[in-house]
Each structure stands twice: as structure tokens, then as C-alpha cells.
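First residue of the first sequence: 3, per the numbering used here; consecutive thereafter. In this text, a Cβ means the ideal position worked out from N, Cα and C, and glycines have one as well.
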Amino acid sequence: MLGRRIRRIEVVHPDVLRESTRAFADRVRGREIRSVTRRGKNVVLHLTGEFALVVNLGMTGRLLAFPAAPERRVRPTHPAVRFRFADGGVLVFDDQRRFGAVECLDRRAWRKRSRALGPEPLARAFSARALHEATSRSRTAIRTWLLDQRRIAGVGNIYASEALHLAGIHPARPASSLTREEAGRLHRSLRSVLSAAIVLGGTTIRDYRNARGEQGNFSRRLRVYGRNGHRCPRCGATVERISLHNRAAFFCPVCQPAVAT
DNA sequence: AGTGTATCCTGCAGGC
DNA sequence: TGCCTGCAGGATACAC
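Set out below in C-alpha cells:
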């Protein structure tokens, strides 16, 4: 989609916007996509005029790109917003549940938003030591801690469970109870889980698709997420599911004991 | 400041 | 088959 100019915006479901359709469309129309980056779970399309089109997929959102010559591969099922390009192509934000969001922020607003997010776990600057210092200040369950985007950016429920399993840390452990060694293991696990998932194109449970409409292949590599009742790939014990702050957490009771190791 | 609860919305699986 | 309940990748507005 790089270099394309957005000629027309069609908003099917205004509830994925954070402002009026009119204000949104007026700000986006006529701009060109200069580059695409990511911050945490947000896809950022940098537009001419220093504007950032910020897309959060939520639970069921997807950004589907259709080039000018439609080779008809995937059809959007729940189009919420369509960006039509001057060259005939179209980018669709498709979202069954509409928990996702699409916003157009100016430079200043985007910087402010980005500053409110925690560090990128894959950035060089993100150290085990910094992670330990940060976790030591909170008594909330480590799984819940990992989901808080202000503390660390981009970790969702799937990767939180997977990283904790790899690190051998029980999801309900208070963040502040992690030893330096455990924080070190968690730091490594987060990085390896996230980078492996990126290489495999993400995790498709049901809805996730990349811009070409293809599923992510990390689903096959899940060790505990959604696998309660199955055997732990490391020790063979039965994976359990518990509810933590109203969200499921999956873990192996043997590999992830409730006390520090 | 930090934590727990409810809410937004659609669709699917499982029990009866 | 049909109805009901619970649950789902996320984030945020509240009350306390």
C-alpha cells in the first residue's frame, strides 16, 4: 500500500472510530501512505502531513489489502472501514466484534499516545534488569502485569501464557515476587516467543489474518494457550486453565510452580 | 496509584 | 432443530 493516495473513505461502522466519521475522513482523505510501522499492538500507517493512521485490531480485527488488480483471494466478512486509493486499490479494516479501533492522529497526539505505552520487549534497550525493576513494583499477578500495555507493550493473552510457561513461572505469582533469575528467564522467554511468532506470521485462533488474508502459523506451536487438558510438551503433566482477573490463563502445574524457583 | 468490575459486540461450541 | 449459557485474541471507564 506504500505510496498510494487515499481518495475515499467509507465508514460502515462508525463505532470503530474515536471521532465523527466526517472529522476522520476529512483528516485522512487525500493523504499518501509513506511507511508502515508498529508500536505495541498498534499498526501505524504514516501518512503525508505527519499524520499517523493508528490501527488496533482488538480481538477480531484485520487489515486486508487489495491491490488495484483484484485477484479475488479473500473477501472481508465484516468490513468496518474502507480506504479506497486513487489507483483503484483498497485497504479494508474488517472486524467482526468491532473491539478494534482506527484513529488518525497528528504528530503530537501520536507521540503522546506512544509515550503512554511501555517499552518494546524486542527493543535492544529492553533489559532483564529493567524488567525486574518494573515487576518488583507491582503486586498484581504477573500474567495480568504482562497484559498491561503501559508496563510493557505488545504482549497479549496468548504470548503472556506462552512466555510464562517457557520461563517456568506460575501466571498467578505476584509480579513483585519474581526473583532476578526469574525476571531474566521471563525476559528471554518473551523475546523468543514474540520473535518466533513474528517469523511464523502470528497466531490464528479463528479470525486473525495478515494483510494478504493468510492465517498465522504460530498456532501450531502453542504449548499451553488453549490447551487445557492436553499434556505439557515439556514434562507431560496436564495443562490447566485458571481465570485471572476475568481472563483465562493456561499453565503447567509442574513446570510452573506457585512459588519462586 | 493500583486494582477489581462491568462494558462494548458478534458468533460459536456445548449442554439439554 | 432450537434455546440457553459461557466464552473468545482487547481496552477502557468507572468505583474503591
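Nearest-angstrom Cα separation, counted from residue j out to residue i
i: Glu216; j: Asp97; result: 15 Å
i: Ile244; j: Ser129; result: 29 Å
i: Leu166; j: Ser22; result: 41 Å
i: Ser140; j: Trp147; result: 8 Å
i: Lys43; j: Gly102; result: 11 Å
i: Arg31; j: Arg10; result: 6 Å
i: Val46; j: Arg211; result: 17 Å
i: Arg77; j: Arg193; result: 34 Å
i: Arg222; j: Ser191; result: 18 Å
i: Arg248; j: Thr142; result: The sequence shown places Asn at residue 248, not Arg. Cα to Cα, Asn248 sits roughly 14 Å from Thr142.
i: Gly158; j: Leu149; result: 6 Å
i: Pro173; j: Ala262; result: 12 Å
i: Ala70; j: Ile35; result: 15 Å
i: Tyr227; j: Arg113; result: 33 Å
i: Ser37; j: Gly5; result: 8 Å
i: Arg187; j: Phe252; result: 18 Å
i: Gly170; j: Phe87; result: 48 Å
Proximity winner among the options, relative to residue i (alpha-carbon distances)
i: Arg265; options: Arg214, Glu12, Cys257 and Ala54; result: Here the chain has residues from 3 to 263 only, and residue 265 is not among them.
i: Arg20; options: Val56, Lys43, Gly42 and His232; result: Val56
i: Asp294; options: Asp108, Asp17, Val38 and Lys43; result: This structure does not reach residue 294, given that the chain is present from 3 up to 263, and the question cannot be answered.
i: Arg152; options: Arg31, Ser138 and Leu119; result: Leu119
i: Ser178; options: Ala198, Arg190, Ile144 and Asp209; result: Ile144
i: Thr62; options: Thr206, Arg190 and Leu188; result: Thr206
i: His189; options: Leu124, Val104 and Thr39; result: Leu124
i: Ile200; options: Arg208, Gly186, Ala185 and Gly218; result: Gly218
i: Pro81; options: Leu59, Ala88 and Asp89; result: Leu59
i: Ala155; options: Pro16, Arg41, Val18 and Phe26; result: Arg41
i: Pro176; options: Phe87, Asp17 and Leu246; result: Leu246
i: Leu224; options: Arg64, Ala198 and Arg214; result: Ala198
Neighbourhood of residue i by C-beta distance below 8 Å, restricted to the same chain and skipping five residues each side
i: Arg33; result: Arg7, Ile8, Leu49, Thr50, Gly51 and Phe53
i: Phe68; result: Gly91, Val92, Leu93 and Val94
i: Ala132; result: Pro121
i: Ala239; result: Arg233, Cys254, Pro255, Val256 and Cys257
Continuous beta strand (DSSP E) stretch holding residue i: start and end
i: His48; result: Asn44 to Leu49
i: Ser37; result: Ile35 to Arg41
i: Glu242; result: Glu242 to Leu246
i: Leu66; result: Gly63 to Phe68
i: Ala71; result: Element bounds for Ala71: n/a, residue is neither H nor E.
i: Arg249; result: Arg249 to Phe253
For residue i, the three-state DSSP class (helix, strand or coil)
i: Asp89; result: coil
i: Arg110; result: helix
i: Asp2; result: Residue 2 lies beyond the stretch modelled for the chain, which goes from 3 to 263, so this question has no answer here.
i: Val30; result: helix
i: Glu52; result: coil
i: Ala103; result: strand
i: Ala143; result: strand
i: Ile207; result: coil
i: Arg222; result: helix
i: Arg25; result: Before going on, a small fix: residue 25 reads as Ala here, not Arg. If DSSP states are grouped into helix, strand and coil, Ala25 belongs with the helices.
i: Arg233; result: strand
i: Arg117; result: helix
i: Ala1; result: Examination of residue 1 is not possible in this model, given that the chain is present from 3 through 263 alone.
Boundaries of the alpha helix (DSSP H) in which residue i is found, first to last residue
i: Gly1; result: Residue 1 lies beyond the residue range present for the chain, which begins at 3 and ends at 263; the question has no answer from this structure.
i: Ala132; result: Ala130 to Thr137
i: Tyr274; result: The structure shown has nothing for residue 274, since the chain only spans 3 to 263.
Proximal residues to residue i (C-beta, below 6 Å), its chain only, five neighbours per side dropped
i: Arg117; result: none
i: Val13; result: Thr23 and Val83
i: Asp209; result: Thr62
i: Asp17; result: Arg100
i: Arg64; result: Asp96 and Arg211
Contacts around residue i, its chain only, beta-carbon distance under 7 Å, and the 5 residues preceding and following it disregarded
i: Phe85; result: Ile8, Ile11, Val92 and Leu93
i: Gly195; result: For clarity, residue 195 is Val in the given sequence; the question names Gly instead. These residues qualify, in order along the chain: Tyr161, Glu164, Ala165 and Leu168.
i: Ala185; result: Ala130, Leu133, His134 and Thr137
Closer than 7 Å: residue i CB and nearest the ligand MN heavy atom
i: Arg249; result: What this structure holds is no ligand at all, so the ligand MN is not there to describe.
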